[in-house]
Amino acid sequence: MPRYIKVGSAAPSPRTARYSHAVEFNGLLHITGQLPIDPAQPDAALPGTIGEQAELVFLNLSIIAEESGFKLSNCVFARIYLKNFEQDYAGFNTVYDRYFPDDDRLPARTTVGISMLGRNALVEVDLVVGATHALKCGAFLSAAHRP
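Structure representation (structure tokens):
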């Protein structure tokens, strides 16, 4: 049965949109795409640089994961949307690499350039995060089924 999660300490969804911050199902936490919104001041202007915006995105992703009982270190998939792909790809990766520093445990990832994001943001990220016990079980099963 899915668990639909709203996290009071994370940035709220816009008044014009209705969604959960995350949905947990079968040991995976699907975190809704997060914009660079300061959870303490959701109506404040967005910061101007990709680094500052990426930090706020990961702050919200971290809050949602942790308050849902998960850890970003168990992220299995990241989807990144960049408004200015060529200009901001390297700057975004500087922040991303701090959150996923282990080269042996990098999430699968898709990064796309798009023409527009809500609030004219430079970046939006959504994640799929695995539960610790589910990852151990999955590792065992995949090892047992290798040819």
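Heads up, the sequence shown is in the working numbering, so the first residue is 10 and it goes up one at a time.
The C-beta atom is built at its ideal place from N, Cα and C for all residues, glycine as well.
When DSSP states are grouped into helix, strand and coil, residue 67 belongs to the helix group. Less than 9 Å divides the Cβ of residue 92 from the Cβ of residue 129.
With contacts defined by Cβ atoms closer than 9 Å, residue 117 and residue 78 do not form a contacting pair. The residue among 120, 46, 134 and 136 with its C-alpha nearest the C-alpha of residue 65 is 46.
CA-to-CA, the gap between residue 107 and residue 24 works out to about 32 Å.
Per DSSP, residue 58 is not a residue of any alpha helix (DSSP H), being assigned neither H nor E. Here DSSP, grouped into helix, strand and coil, assigns residue 81 to helix.
Here residue 122 has 91 and 94 as same chain residues with Cβ atoms under 7 Å from its own Cβ, once five neighbours each way along the sequence are excluded. Taking 9 Å as the cut-off, the beta carbon of residue 104 is found closer than this to the beta carbon of residue 60. In the DSSP secondary-structure assignment, residue 43 is bridged to 134. Looking from the CA of residue 51, the closest CA among 32, 18 and 109 belongs to 18. Assigned with DSSP and collapsed to three states, residue 12 falls in strand.
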